[in-house]
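Remarks on the structure that follows.
There are 2 protein chains.
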Amino acid sequence: MAYRETEKMRQRKAEARKRIVACTYQCVAEGGFRSARVTRIAGLAGVATGTIYRHFESREDLFAEIFRLATQREVDKVAEALNSDGNAAERLEWALRQFAERALKGPTMAWALIAEPVDPKVEEERLAYRKAYADLFETAIREGIEEGCIPDQNARQSSTCLVGAIAESLVGPLSPTQSSKTDSTTDDNNDLLVDSIIHFCIQGLTGTRR
Amino acid sequence: MAYRETEKMRQRKAEARKRIVACTYQCVAEGGFRSARVTRIAGLAGVATGTIYRHFESREDLFAEIFRLATQREVDKVAEALNSDGNAAERLEWALRQFAERALKGPTMAWALIAEPVDPKVEEERLAYRKAYADLFETAIREGIEEGCIPDQNARQSSTCLVGAIAESLVGPLSPTQSSKTDSTTDDNNDLLVDSIIHFCIQGLTGTRR
DNA sequence: AGAAGTAGTGAATCAGCATTCATTCTTTCT
DNA sequence: AGAAAGAATGAATGCTGATTCACTACTTCT
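Listed in order, the protein sequences are those of chains A and B.
Counting from 8, one number per residue, gives the positions in the first sequence under the working numbering.
Counting from 8, one number per residue, gives the positions in the second sequence under the working numbering.
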């Protein structure tokens, strides 16, 4: 044997991979998955198109990884918010608020993650992550039921409703057709939007108006 | 001039068009939009592929028409349910129930309409129709507020939440990956599902547990 | 130095289906 | 009957970008 992979090489490859991932992320954040071309990504990352395929099976696989990365970040934020102080209902409210506000801050990426039509493998990730959100919410709802601050109910189902209500409410404001600036997309409006989404959700959960 | 379009011809053409529409509908109901091939549709309708294009600009346009047709049917049902007897909250509940039950009865078509990744022109129709649902619900909510059976709230926002909560709750049960029969998709389960969706929605709306 | 193996390259290929269009068949009129 | 127009046909085309792979350039070892 004359050549064996050495630490230096491993690192160099890892760096290239990271660069590819970062550039794909950037492309997706700019225009969603559909418009992210492999050639463009390769160009940005300073590698040949073929090199992409030494790091990922296919474009779809690359996208799936980006999806995972980006969504995990959001899931973590929600999980974090659910670990804050206060009773379960308050923590849920805080988490929902975080979710919505972060989405409105990075609308193209949020749209890509929530609503853009994507290929099967990526769609699979999306379903998995919707489930991840629902799981988090479900646990919190159960805690709330224990604590007594949330009335007894089908926690699983309610959490799914939460995910749906918030996703749907964001789809309009996020979709790239209309949110091309200069329209009614002000910070104030966003605040109002978030407030009323949460109002509905919390009420759906607790049956309490505030 | 030697040939001018006559009534007989007009009819014959209209019939061919209808046949194309019906066969496309069937294809979509069987496997969604993505898997509906123009050649297959032409075959079923007993015309040549080229003929499709004498009736529709493009596959996308044909699909957009099917989408409209299928969704309008559902929208009408919801509108009808909202015109039944009872106070606004009761009528809303009935409408939501109709919507969910019908979707679960024709799962592939419902999935195609609600959640299948589709091309831009069809996606546009989808957004338009989600708005149509939201409009219907919004009106009913306003009526409920007038009547006093629903507390004051942002009717637009709440209606969007309703659409989202119900759509999301149905996505799991509808998606073609898992609902291939012989699993837990029984009528009983469906009833429970529908009940808990509606419980959440009505409570979100009225703040009242029942 | 040079052998043996790995990483990187990017122009050429491929795939899969919607769409076209030159041609044939029908209908309608004089 | 036959001319003029339209409708229908379906095999061939075209498009678009992902993917491949024969080749070159490096790395690592003896």
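Note that beta-carbon positions come from the ideal geometry of N, C-alpha and C, so glycine has one too.
Check whether the Cβ of histidine 62(A) lies closer than 8 Å to any Cβ atom in chain B. Residue mapping note: residue 62(A) aligns to position 55 of the first sequence, counting from 1. Closer than 8 Å to the CB of histidine 62(A) there is not a single CB belonging to chain B.
Which residue wins for smallest C-alpha separation from glutamine 220(B), given the options Gly179(A), Val170(A), Gln160(A)? Nothing about residue 220(B) can be read from this structure; chain B reaches only from 8 to 217.
Give every residue of the same chain whose Cβ lies closer than 6 Å to the Cβ of alanine 52(B), excluding the five residues on either side of it in the sequence, and list them in chain order. Sequence index remark: in the second sequence, residue 52(B) carries index 45 (1-based). The beta carbon of alanine 52(B) lies closer than 6 Å to those of Arg26, Ile27, Cys30 in the same chain, with the five residues before and after it left out.
Roughly how many angstroms lie between the CA atoms of cysteine 156(A) and aspartate 202(A), to the nearest whole one? Indexing the first sequence from 1 puts residue 156(A) at position 149. Indexing the first sequence from 1 puts residue 202(A) at position 195. Roughly 20 Å separates the two Cα atoms.
Within chain B, partners of serine 176(A) - CB distance below 8 Å: Stepping through the first sequence from its first residue, residue 176(A) is reached at position 169. What serine 176(A) touches in chain B: Gln164, Thr167, Cys168, Gly171.
Give the residues of chain B in contact with asparagine 197(A), contact being defined as C-beta atoms less than 9 Å apart. As a working note, residue 197(A) is residue 190 in the first sequence. In chain order: nothing, as chain B lies at least about 13 Å away.
Could you tell me which chain A residues have their CB closer than 7 Å to the CB of asparagine 161(B), listed as they occur along the chain? By 1-based counting over the second sequence, the position of residue 161(B) is 154. Those within 7 Å of asparagine 161(B) in chain A are Ser203.
Does the stretch 117-130 of chain A come close enough to the stretch 73-85 of chain A that 3 or more CB-CB pairs lie under 8 Å? yes
Our contact map puts isoleucine 48(B) next to alanine 107(B) with C-beta atoms below 8 Å; I'd like the distance itself, whole angstroms only. Sequence index remark: in the second sequence, residue 48(B) carries index 41 (1-based). Sequence index remark: in the second sequence, residue 107(B) carries index 100 (1-based). That belief does not hold up - the Cβ atoms of isoleucine 48(B) and alanine 107(B) are roughly 30 Å apart, past 8 Å.
Below-8 Å beta-carbon distance, proline 124(A) vs any chain B residue: Taking the first sequence and counting its residues from 1, the one referred to as residue 124(A) is at position 117. True, the Cβ-Cβ gap to chain B drops below 8 Å.
Give a yes or no on whether 8 Å exceeds the smallest Cβ distance from glutamate 87(B) to chain A. Position 80 of the second sequence, counted from the first residue, corresponds to residue 87(B). False, the Cβ-Cβ gap to chain A never drops below 8 Å.
Strictly under 8 Å for the Cβ-Cβ distance: is glutamate 154(A) near chain B by that measure? Within the first sequence, residue 154(A) is the residue found at index 147, counting from 1. Chain B, which has no Cβ nearer than 8 Å to the Cβ of glutamate 154(A), makes this no.
In terms of residue numbering, what span does the alpha helix (DSSP H) encompassing glycine 50(B) cover? One-based indexing of the second sequence puts residue 50(B) at position 43. 45-52 is the span of the alpha helix (DSSP H), which, as asked, contains glycine 50(B).
To the nearest angstrom, how far is the alpha carbon of leucine 69(A) from that of phenylalanine 63(A)? As a working mapping, residue 69(A) is identified with position 62 in the first sequence. As a working mapping, residue 63(A) is identified with position 56 in the first sequence. For leucine 69(A) and phenylalanine 63(A), the distance between alpha carbons rounds to 6 Å.
For a contact meaning CB atoms closer than 7 Å, what does phenylalanine 207(A) contact in chain B? Here residue 207(A) refers to the residue found at position 200 when the first sequence is read from its first residue. Those are Gln164, Ser165, Cys168, Gly211, listed as they occur along chain B.
What is the rounded straight-line gap between the Cα of lysine 20(B) and the Cα of alanine 110(B)? Position 13 of the second sequence, counting from 1, holds the residue named residue 20(B). Position 103 of the second sequence, counting from 1, holds the residue named residue 110(B). Taking the straight line joining both Cα atoms gives about 33 Å.
For alanine 43(A), I'd like the list of residues in its chain whose CB is within less than 6 Å of its CB, leaving aside the five on either flank, ordered along the chain. Along the first sequence, one-based indexing puts residue 43(A) at 36. Cβ within range, chain order: Cys34, Val35.
For tyrosine 10(B), count the other beta carbons within 10 Å of its own beta carbon; 16 or more makes it buried, fewer makes it exposed. Which is it? On the second sequence, position 3 is the one that residue 10(B) refers to. Exposed is the call here.
Can you tell me which of Ser182(B), Asp195(B), Ala135(B), Asp194(B) puts its alpha carbon nearest to the alpha carbon of threonine 167(B)? Taking the second sequence and counting its residues from 1, the one referred to as residue 167(B) is at position 160. Nearest of Ser182(B), Asp195(B), Ala135(B), Asp194(B) to threonine 167(B), Cα basis: Ala135(B).
For glycine 214(B), would you say it is in contact with chain A, using Cβ-to-Cβ distances shorter than 8 Å as the test? Start at 1 with the first residue of the second sequence, and residue 214(B) comes out as number 207. Yes - at least one Cβ of chain A is within 8 Å of the one on glycine 214(B).
Rounded to the nearest angstrom, what separates valine 82(A) and leucine 169(B) at their Cα positions? Residue 82(A) sits at position 75 when you count from the first residue of the first sequence. Residue 169(B) sits at position 162 when you count from the first residue of the second sequence. Taking the straight line joining both Cα atoms gives about 23 Å.
Hey, does leucine 120(B) have any beta-carbon neighbour from chain A nearer than 8 Å? Position 113 of the second sequence, counting from 1, holds the residue named residue 120(B). So no, leucine 120(B) is outside the interface.
Just to check my reading of the structure: leucine 212(B) and alanine 96(B) have Cβ atoms closer than 8 Å, yes? What is that Cβ distance to the nearest angstrom? In the second sequence, counting from the first residue as 1, residue 212(B) sits at position 205. In the second sequence, counting from the first residue as 1, residue 96(B) sits at position 89. With 8 Å as the limit, leucine 212(B) and alanine 96(B) qualify as a contact, their Cβ atoms being about 7 Å apart.
What does glutamate 130(A) touch in chain B if you count any residue whose Cβ is under 7 Å from its own? Position 123 of the first sequence, counted from the first residue, corresponds to residue 130(A). Per Cβ cutoff of 7 Å: Pro124.
Can you find a C-beta in chain B that's less than 8 Å from the C-beta of serine 182(A)? Against the first sequence, residue 182(A) aligns to sequence position 175. At least one CB atom of chain B sits nearer than 8 Å to the CB of serine 182(A).
Are the CB atoms of glutamate 145(B) and alanine 162(B) nearer to each other than 8 Å? Working through the second sequence from its first residue, we reach residue 145(B) at position 138. Working through the second sequence from its first residue, we reach residue 162(B) at position 155. Yes. Within cutoff.
Any beta carbon of chain A sitting closer than 8 Å to that of leucine 134(B)? On the second sequence, position 127 is the one that residue 134(B) refers to. Cβ-Cβ to chain A under 8 Å: yes for leucine 134(B).
For phenylalanine 207(B), which option in Thr58(A), Gln105(A), Gln164(A) has the closest C-alpha, if you only look at C-alpha atoms? On the second sequence, position 200 is the one that residue 207(B) refers to. Closest by alpha carbon: Gln164(A).
Rounded to whole angstroms, what's the CA-CA distance from isoleucine 59(B) to glutamate 12(A)? Just pull it up for me. Mapped onto the second sequence, residue 59(B) falls at position 52. Mapped onto the first sequence, residue 12(A) falls at position 5. Cα to Cα, the separation comes out at about 58 Å.
Cβ neighbour criterion (16 or more within 10 Å) applied to methionine 116(B): Stepping through the second sequence from its first residue, residue 116(B) is reached at position 109. It counts as buried.
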